[in-house]
Amino acid sequence: MATDVQSFYKDKTVFLTGGSGFLGKVTIAKLLCTTEVKRIYVLLRAKRGQEMRERCAAWDKDPVFGNLMKINPEALKRVVPCGGDCQEPDLGLSNSDRQVLIDEVQIVIHTAATVRFVEPLHIALAVNTRATLLMIQLAKEMSHLESFVHVSTAYSNCVVEHVSERFYPEHLTCPAEKILELLESISPELLDEMAPALMGKYPNTYTYTKALAEQVLQKEAKDLPLTIFRPGVIIASYKEPMPGWIDNLYGPIAVLYGAAFGILHITLLNLKAQAGIVPVDYCVNMVLTCAWNTARDTSIKLSPEPPIYNFTPNNDNLITWGGFRDKAARLRYTYPLTKMMWLPFLHCTTIPWLFRFTAIFYHLLPGYGIDMALRLWGKKPRMIKLYDKIHKNIDILAPFVITSWSFDTVNTRKLWAKMSVEDQKLYDFNMSSVDWDDYFLQALAGVRIYLAKEEPGQEVVERGRKIYRRFQFLHRLLQFTLYSVAALILWSILKRLLGLFV
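Heads up: the sequence shown runs through residues 1 to 502, numbered per UniProt numbering.
Set out below in structure tokens:
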């Protein structure tokens, strides 16, 4: 028998933006696996010379849909691509596709965004803010609209350290409508030059434009059945579509990846700060539940402002960045990489100058040594260039791994309480139930298979452990050598000093 959430999606038509992204793909897989949704229209643009229909057709070979294709090889036929681009002034939709969406769509899930922290302001504004306004305008034309879920971020208001489930327009230097007028009236170059003044206290264009998008919704989404979902840092899946699935190197997963390769050994990280990390499958489950609740709760449409749902680890199951590092470190021998370049370990500091100083010894000196060897072998040097990129990313991420935020999740807890027991099992997003030790076991296995592209199987794992033990011996030998040299130098200095007093 179908659950309440499943019954809601039966024979429904969904419009999803960001369908080719990390969150979007898992959303599609979950909808097709657990509901009898009629059709999913996905906004897609051509990319790297590949037309949007070709991109969609290639999904049957994507690991995220692997289990789905085994159960129902015809499932992806319910996914229909719509040519478009959130960076375009009209979302890039053709008149015919736009009319189809207006006539048929009942549920809108807007996940599309540029998550690059260093995105030029004119691009971030177009994709994250203007596209949100355009989606609202489109939704107002949809005659059968029952629910609209906008995916924001828990860090859209990172200028305050305690984030409630409310809007924060007071921290914007200028109203969203004025900023969008600037986007249309001045050159992209001039707008980008104005970015520091416009952003104010916001650390990057991503959080700033997501905050602007929320103000757009606050003002423009009246009379719409709309909710705002604010997830924390979205990381690898816990259980679905398979444990540990990940397809990108954003945020903390990049740190795990670099450390597992034995490339990253020192980083900026506050070990005592709360890590607002959430598995992607839990995020998807909550998005789908938000859509169900928005349609059934008539008070949402009558409310003067859309409800907001913060989604971060619960207070009874918090994890710090220190816990993140240590849990991963304890499992480094369980799932070692056969391609590791040195023994995996990671030191952390919150002091920028100390990071830069220690990086000379942990990163740059070994990097120059490897590049010199590559040149001697007639190969192209790459390590210093790689470390330069790593260090820039560490600087960009620093505000989010040094500061500790807390989040109210009252609405999220109320939503969980509204669900039936069956739906709580099928669409689980209860962060109190996450076993972090088990999670990291799955996540590291996923990093190894889906990012490092290593073959599954115990034979490859054993090979990785053999390489790990070899590097462990070499690391200890190097430590002994360095300590011995340091002791000899110190002894030599002491002898000279003692000789001066004799």
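Every residue gets a Cβ at the ideal spot worked out from N, C-alpha and C, and that includes glycine.
With distance defined between alpha-carbon atoms, name the residue in the options nearest to residue i.
i: Gly323; options: Asn314, Trp292 and Ala273; result: Ala273
i: Lys140; options: Phe167, Val108, Ile467 and Pro169; result: Val108
i: Leu264; options: Pro344, Ser484, Asp60 and Ile396; result: Pro344
i: Leu226; options: Gln99, Gly446 and Ala295; result: Ala295
i: Lys425; options: Ile71, Lys239, Leu16 and Asn72; result: Lys239
i: Val278; options: Arg463, Met1, Lys219 and Asp428; result: Asp428
i: Arg330; options: Gly457, Ile228, Pro399 and Phe440; result: Phe440
i: Tyr335; options: Leu376, Glu454, Glu422 and His171; result: Glu454
i: Cys290; options: Gln6, Ala2 and Met1; result: Gln6
i: Cys174; options: Gly200, Val159 and Thr153; result: Gly200
i: Lys327; options: Leu415, Phe261, Ser492 and Asp437; result: Asp437
i: Val127; options: Thr209, Tyr250, Tyr368 and Ala373; result: Thr209
i: Lys466; options: Arg332, Ile384 and Glu177; result: Arg332
i: Thr403; options: Thr298, Met383, Leu269 and Lys339; result: Leu269
i: Lys339; options: Val447, Asn393 and Leu397; result: Val447
i: Ser185; options: Arg166, Pro89, Lys70 and Met341; result: Pro89
i: Leu346; options: Trp491, Ile266, Val159 and Tyr168; result: Ile266
i: His162; options: Gly276, Ala443 and Thr481; result: Gly276
i: Tyr450; options: Ala254, Met1 and Leu494; result: Ala254
i: Gln458; options: Ala452, Leu16, Arg469 and Ala445; result: Ala445
i: Ile246; options: Phe400, Glu74 and Ala443; result: Ala443
i: Ile228; options: Asn411, Thr34, Glu170 and Lys178; result: Asn411
Could you check whether residue j and residue i sit closer than 8 Å to each other, using their CB atoms as the reference points?
i: Phe311; j: Arg230; result: yes
i: Asp85; j: Gly92; result: yes
i: Phe407; j: Ala154; result: yes
i: Thr129; j: Leu180; result: yes
i: Asp97; j: Trp292; result: no
i: Gln137; j: Lys12; result: no
i: Leu145; j: Tyr309; result: no
i: Pro252; j: Ile235; result: yes
i: Asn285; j: Met431; result: no
i: Val64; j: Pro306; result: no
i: Ser164; j: Glu214; result: no
i: Val26; j: Pro81; result: no
i: Val216; j: Thr132; result: yes
i: Ile394; j: Gly367; result: no
i: Leu101; j: Phe148; result: no
i: Tyr206; j: Val159; result: no
i: Gly262; j: Met341; result: yes
In chain order, what residues of the same chain have a beta carbon less than 7 Å from the beta carbon of residue i, not counting five sequence neighbours either side?
i: Gly18; result: Gly24, Thr111, Ala112 and Ala113
i: Ile390; result: Gly258 and Leu264
i: Arg375; result: Pro381
i: Glu422; result: Thr3
By Cβ distance, which residues of its chain are closer than 6 Å to residue i, with the 5 residues on each side in sequence left out?
i: Asn204; result: Phe117
i: Pro188; result: His122
i: Leu271; result: Trp321, Gly322 and Cys348
i: Ala260; result: Leu337 and Pro344
i: Lys10; result: Glu36
i: His475; result: Leu343
i: Pro314; result: In the sequence as displayed, the identity of residue 314 is Asn instead of Pro. Closer than 6 Å at Cβ, skipping near neighbours: Met431 and Ser432.
i: Ala176; result: Leu212, Gln215 and Val216
i: Leu134; result: Leu91
Just to confirm my understanding: we take residue i, look at its own chain, exclude 5 residues before and 5 after, and list those with CB closer than 8 Å. What are they?
i: Arg78; result: Leu32, Val37, Lys38, Arg39 and Ile40
i: Asn72; result: Leu32
i: Ala398; result: Leu268 and Pro352
Between the alpha carbons of residue i and residue j, how many angstroms are there, rounded?
i: Ile370; j: Val280; result: 37 Å
i: Leu497; j: Leu198; result: 59 Å
i: Leu302; j: Glu119; result: 36 Å
i: Asn248; j: Leu256; result: 12 Å
i: Leu337; j: Ile489; result: 37 Å
i: Ile360; j: Tyr250; result: 24 Å
i: Val461; j: Met372; result: 31 Å
i: Gln218; j: Asp435; result: 36 Å
i: Ser156; j: Ala417; result: 26 Å
i: Ala29; j: Leu68; result: 7 Å
i: Met142; j: Ala2; result: 27 Å
i: Ala58; j: Pro304; result: 43 Å
i: Phe480; j: Ala486; result: 10 Å
i: residue 507; j: Leu478; result: There is simply no residue 507 to check, as the chain begins at 1 and stops at 502 in what is shown.
i: Lys178; j: Leu125; result: 12 Å
i: Lys392; j: Tyr168; result: 30 Å
i: Leu482; j: Gly378; result: 30 Å
i: Tyr468; j: Lys222; result: 58 Å
**Report entry** Unbroken stretches of the alpha helix (DSSP H), 4 residues or longer, contained in the segment 447 to 478
**Finding:** none
Query raised in the report: Quick one: complete beta strand (DSSP E) runs, 3+ long, within the segment 226 to 274?
Result: 226 to 231, 233 to 235 and 266 to 268
Query raised in the report: Which runs of the alpha helix (DSSP H), 4 residues or longer, sit entirely within the segment 2 to 63?
Result: Fully enclosed alpha helix (DSSP H) runs of 4 or longer: 4 to 9, 22 to 34 and 52 to 57.
Query raised in the report: Counting only runs that start and end within the segment 289 to 333, where is the alpha helix (DSSP H) found for 4 or more residues in a row?
Result: 298 to 302 and 321 to 330
Query - 4 or more residues per run - each alpha helix (DSSP H) lying fully within the segment 64 to 107 - result: 66 to 71 and 95 to 104
Query raised in the report: Quick one: complete alpha helix (DSSP H) runs, 4+ long, within the segment 142 to 223?
Result: 176 to 185, 188 to 193, 195 to 199 and 205 to 220
Query - Length at least 4, wholly inside the UniProt domain "Fatty acyl-CoA reductase C-terminal" (362 to 454): the alpha helix (DSSP H) runs in chain order - result: 365 to 376, 383 to 402, 410 to 418, 421 to 426 and 436 to 446
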